Amino acid sequence: MAEMSNDPLWQGLWDTGVDWWSMAVRQASPPTFAITLVLVLLCGYYITQYWHKPSHNPAALHLVPTSSSYPRTVYTTPRKIPFYLFLHDFLTNRVELRGRDGTGLNHIGDFIYFPLSLRSVWTFAVRVLPRWLWHSKSRDAKDWCRYHDGRDDLFDAFLGRERMTWTAHFGQVDWPLTRAQEACLDLIAQRLVETDHDDHILNIGLGWGTYELYMGSNHMAFFTSTSLSAEQAKYSQEMFERANLDNRVAIRRDDFRDLKAMAQFTKIVSLETPDWVGQKNLAEFFQKCYALLKPGGRMLFQCTTSPSPFASAFSDYFSEPFHYHLYTLTNICPGRDTPLFTTLNDYVHEIKQAGFDIVTIDNISNDAALTHAHWFQLWEQHKRDIELKFGEYLYRQWELYFAWSSSIFKRGKISRYTIVIQKSSA
């Protein structure tokens with residue numbers, strides 16, 4: 001044991017209060033970590049299968065059948081139902097959420113439990129873990145384009161013409177989404193301090209140009225924006241030309257890892273990319289941003305985090321949060337896996353290691369819940385058009401995603417933050 005205690009990884013295991021999971025992620029080799037994680041998941045499977053005793057809460061209070069009767073008797077018995085049965089029956093249009101306002105899963109724990117089944121372990125090991133361990137440039141570009149390209153009708157259905165994909169800011173709960181989106185853009189400008197015509201802002205993750213259009217029109221700054229998607233770049237360039245901003249915005253089809261490390265930008269914004277770079281690449285991401293900023297420059301980004309699997313109760317993570325991530329990574333956005341195991345402490349660690357000072361950390365989980373609830377309602381309004389173009393199955397995949405995301409953020413099972421950091425002036 002004396003020899004082990006000299007190893008920083010073993011110190012993390014034994015020191016009280018240290019999140020040794022995060023240390024293992026940073027220090028273990030990918031094959032070793034993968035094998036260990038799969039073994040842990042298998043152990044968790046047997047624990048949850050044989051020790052879990054669901055509460056007596058009928059699913060019928062929260063789910064309604066799409067036909068004259070429920071597809072399984074389990075829906076009428078006074079017990080919770082396993083998640084994988086609910087998922088199958090919902091996606092195949094056998095049951096519906098009670099209520100159509102996007103809040104149908106706010107009480108998901110009352111009628112569903114999450115056994116760590118062999119199916120979920122297999123899905124994680126085969127479809128999620130390889131991407132999570134090896135974030136190559138080609139794979140990241142393919143995942144980004146697969147999610148964003150060729151889906152104009154899909155994104156227009158819930159994003160509208162602005163196509164603002166990040167979390168809006170609701171000063172009041174009853175604000176309409178458009179007002180909350182404008183408030184978010186105003187808040188970003190305030191957080192970055194004195195954005196003016198002398199600023200050269202780098203936006204890592206162009207999206208569809210919403211941020212550049214707003215800031216270029218209101219603050220007259222210069223922009224360099226990166227995107228892995230040819231379609232996003234084309235869409236944004238045409239929009240900038242119509243707004244006479246094309247001389248102030250330069251679009252680059254670059255991975256963040258390909259940007260030249262020169263201190264040339266006064267501000268950096270990244271509202272979507274941190275969730276896509278991968279936990280293994282967070283250190284490189286912040287080091288690159290530090291090198292790109294001029295002294296005294298600020299960076300603002302949004303990120304999604306999960307509770308640590310082992311710093312808290314094992315079952316707290318490997319119940320709902322783990323299954324939520326599995327669902328989104330296999331059905332909605334493969335490759336957006338940074339939140340899978342990344343905690344807020346992991347972000348703070350990498351930020352400080354890169355040399356940044358932290359200015360503000362704002363928990364915007366309630367805003368994220370409201371944003372997804374609004375997206376759910378807009379999605380519902382375009383149900384017929386989406387089903388005709390993409391099919392009923394895809395419609396229900398995204399319907400569940402919006403409702404579940406709104407619920408899980410509202411209940412604090414996962415969190416979303418806006419973080420502002422600064423490079424020292426020295």
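Read in order, the letters of the sequence shown are residues 1 to 426 in UniProt numbering. Every residue gets a Cβ at the ideal spot worked out from N, C-alpha and C, and that includes glycine. Bear in mind the structure is a predicted one, so any value in this text is a computation, not a measurement.
* Asked: Quick one: what does DSSP say residue 297 is sitting in, helix, strand or coil?
  -> Counting from one through the sequence shown, the residue named residue 297 turns up at place 297. In the structure shown, residue 297 sits in a strand (DSSP, three-state: E or B).
* To do: Give every residue of the same chain whose Cβ lies closer than 6 Å to the Cβ of residue 96, excluding the five residues on either side of it in the sequence, and list them in chain order.
  => In the sequence shown, counting from the first residue as 1, residue 96 sits at position 96. Counting only Cβ-Cβ distances below 6 Å, and skipping sequence neighbours, we find 64, 66.
* Asked: Leaving out the 5 sequence neighbours to the left and right, which residues in its chain are closer than 6 Å to residue 162 when beta-carbon positions are compared?
  -> By one-based count along the sequence shown, residue 162 stands at place 162. The answer, listed in chain order, is 210.
* To do: Could you pull out every residue in the same chain whose Cβ sits closer than 8 Å to the Cβ of residue 149, ignoring the five residues on either side in sequence?
  => Within the sequence shown, residue 149 is the residue found at index 149, counting from 1. Closer than 8 Å at the Cβ level, and outside the excluded window around residue 149, lie 229, 230, 231, 232.
* Contacts around residue 147, its chain only, beta-carbon distance under 6 Å, and the 5 residues preceding and following it disregarded -> Residue numbering aside, residue 147 sits at position 147 when the sequence shown is read from its first letter. Taking C-beta separations shorter than 6 Å and ignoring five residues to either side along the sequence, the partners of residue 147 in its chain run 333, following chain order.
* To do: Please name the residue, chosen from 358, 408, 399, that lies closest to residue 367 on a Cα-to-Cα basis.
  => The residue labelled residue 367 in the question sits at position 367 within the sequence shown. Of 358, 408, 399, the residue nearest in Cα terms is 408.
* To do: Check whether the Cβ atoms of residue 374 and residue 177 sit closer than 7 Å, and answer yes or no.
  => Numbered from its first residue, the sequence shown carries residue 374 at position 374. Numbered from its first residue, the sequence shown carries residue 177 at position 177. Yes, Cβ-Cβ distance for residue 374 and residue 177 is below 7 Å.
* What separation, rounded to the nearest whole angstrom, lies between the Cα atoms of residue 354 and residue 390? -> Reading the sequence shown from its first residue, position 354 is the one you call residue 354. Reading the sequence shown from its first residue, position 390 is the one you call residue 390. Taking the straight line from one Cα to the other gives about 44 Å.
* At what residues does the alpha helix (DSSP H) containing residue 198 begin and finish? -> As a position in the sequence shown, residue 198 is number 198, starting the count at 1. No residue range can be given for residue 198, since it is assigned to no alpha helix (DSSP H) and is classified by DSSP as neither H nor E.
* To do: Please classify residue 254: does DSSP put it in a helix, a strand, or coil?
  => Counted from its first residue, the sequence shown places residue 254 at position 254. Here residue 254 sits in coil by DSSP.
* What is the DSSP secondary structure of residue 238, counted as helix, strand or coil? -> Within the sequence shown, residue 238 is the residue found at index 238, counting from 1. Three-state DSSP puts residue 238 in a helix.
* So, do the segment 277 to 291 and the segment 341 to 356 have three or more beta carbon pairs nearer to each other than 8 Å? -> yes
* **Whole-angstrom distance between residue 165 and residue 1, CA atom to CA atom** => On the sequence shown, residue 1 is found 1 positions in, with the first residue counted as 1. On the sequence shown, residue 165 is found 165 positions in, with the first residue counted as 1. Bear in mind that the predicted position of residue 1 carries a pLDDT of just 42, short of 50, making it too unreliable to give a figure here.
* Asked: Any idea if residue 128 is buried or exposed, counting beta-carbon neighbours within 10 angstroms, 16 or more meaning buried?
  -> Taking the first residue of the sequence shown as 1, we reach residue 128 at position 128. Burial call: buried.
* Asked: Within the chosen definition, does the segment 413 to 425 reach the segment 290 to 309 through at least 3 CB pairs nearer than 8 Å?
  -> As far as the Cβ criterion goes, the segment 413 to 425 touches the segment 290 to 309, which means the pair count is three or higher.
* Just reading off the alpha helix (DSSP H) that residue 342 is part of, what are its end residues? -> What you label residue 342 is simply residue 342 of the sequence shown in a count that begins at 1. Per DSSP, residue 342 is not a residue of any alpha helix (DSSP H), being assigned neither H nor E.
* C-beta contact flag for residue 273 and residue 252 at 7 Å -> Residue 273 sits at position 273 when you count from the first residue of the sequence shown. Residue 252 sits at position 252 when you count from the first residue of the sequence shown. No, the Cβ-Cβ distance between residue 273 and residue 252 is not below 7 Å.
* Asked: Any idea if residue 171 is buried or exposed, counting beta-carbon neighbours within 10 angstroms, 16 or more meaning buried?
  -> Counting from one through the sequence shown, the residue named residue 171 turns up at place 171. The residue is exposed, with fewer than 16 neighbouring Cβ atoms inside 10 Å.
* Asked: Smallest Cα separation from residue 342: which of 159, 362, 372, 308?
  -> Residue numbering aside, residue 342 sits at position 342 when the sequence shown is read from its first letter. Nearest of 159, 362, 372, 308 to residue 342, Cα basis: 308.
* Asked: With burial defined as no fewer than 16 other Cβ atoms inside 10 Å of the residue's Cβ, what is the status of residue 61: buried or exposed?
  -> Position 61 of the sequence shown, counted from the start, is the residue given in the question as residue 61. Exposed: under 16 other Cβ atoms inside 10 Å.
* Any idea if residue 78 is buried or exposed, counting beta-carbon neighbours within 10 angstroms, 16 or more meaning buried? -> Counting from 1 along the sequence shown, the entry for residue 78 is found at position 78. Burial call: exposed.
* Asked: Where does the unbroken alpha helix (DSSP H) through residue 172 begin, and where does it stop?
  -> Here residue 172 refers to the residue found at position 172 when the sequence shown is read from its first residue. Note, residue 172: premise wrong, no alpha helix (DSSP H); not H, not E.
* Going by beta carbon distance, what residues of the same chain come within less than 6 Å of residue 487, once the five residues before and after it are set aside? -> Outside the shown range of the chain (1 to 426) lies residue 487, about which nothing can therefore be said.
* Asked: According to the neighbour-count rule (16 or more other Cβ atoms, all chains shown, within 10 Å of its Cβ), is residue 203 buried or exposed?
  -> Counted from its first residue, the sequence shown places residue 203 at position 203. Under this definition residue 203 is a buried residue.
* Does residue 382 have its Cβ less than 7 Å from a Cβ in chain C? -> Looking for chain C here will not work: only one protein chain is present.
* To do: Measure the C-alpha to C-alpha separation of residue 109 and residue 417 and round it to an integer number of angstroms.
  => Mapped onto the sequence shown, residue 109 falls at position 109. Mapped onto the sequence shown, residue 417 falls at position 417. Spanning the two alpha carbons is a distance of roughly 24 Å.
* To the nearest angstrom, report how far apart residue 327 and residue 114 are at their CA atoms. => The sequence position of residue 327 within the sequence shown is 327, counting from 1. The sequence position of residue 114 within the sequence shown is 114, counting from 1. Taking the straight line from one Cα to the other gives about 12 Å.
* **residue 357, DSSP secondary structure in three states** => Taking the first residue of the sequence shown as position 1, residue 357 is located at position 357. In this structure, residue 357 counts as strand in the three-state DSSP scheme.
* Quick one: Cα of residue 419 to Cα of residue 212, how far? -> Mapped onto the sequence shown, residue 419 falls at position 419. Mapped onto the sequence shown, residue 212 falls at position 212. Their Cα atoms are separated by approximately 19 Å.
* Of all the options 386, 278, 344, 181, which has the alpha carbon lying nearest to the alpha carbon of residue 338? -> In the sequence shown, counting from the first residue as 1, residue 338 sits at position 338. Answer by Cα proximity: 278.
* Asked: Does the beta-carbon of residue 262 have 16 or more other beta-carbons within 10 angstroms, so that it is buried, or is it exposed?
  -> Position 262 of the sequence shown, counted from the first residue, corresponds to residue 262. Classification for residue 262: exposed.
* Asked: Based on Cα-Cα distance, which residue from 105, 68, 39, 92 lies nearest to residue 404?
  -> For the purposes of this step, residue 404 is taken as residue 404 along the sequence shown, with counting starting at 1. Among 105, 68, 39, 92, the Cα nearest to that of residue 404 is on 105.
* Just the Cα atoms here: how many angstroms apart are residue 446 and residue 221? -> This structure gives no information on residue 446, because the portion of the chain shown stretches from 1 to 426.
* Asked: Between the C-alpha atoms of residue 184 and residue 167, what's the straight-line distance to the nearest angstrom?
  -> Within the sequence shown, the letter at position 184 stands for residue 184. Within the sequence shown, the letter at position 167 stands for residue 167. The straight-line gap from Cα to Cα measures roughly 8 Å.
* Asked: In angstroms, rounded to a whole number, what distance separates the CA positions of residue 126 and residue 330?
  -> For this step, residue 126 is matched to residue 126 along the sequence shown. For this step, residue 330 is matched to residue 330 along the sequence shown. Near 11 Å, if we compare the C-alpha coordinates of residue 330 and residue 126.
* **C-alpha gap between residue 34 and residue 217, whole angstroms** => As a position in the sequence shown, residue 34 is number 34, starting the count at 1. As a position in the sequence shown, residue 217 is number 217, starting the count at 1. Approximately 48 Å, taken between the alpha carbons.
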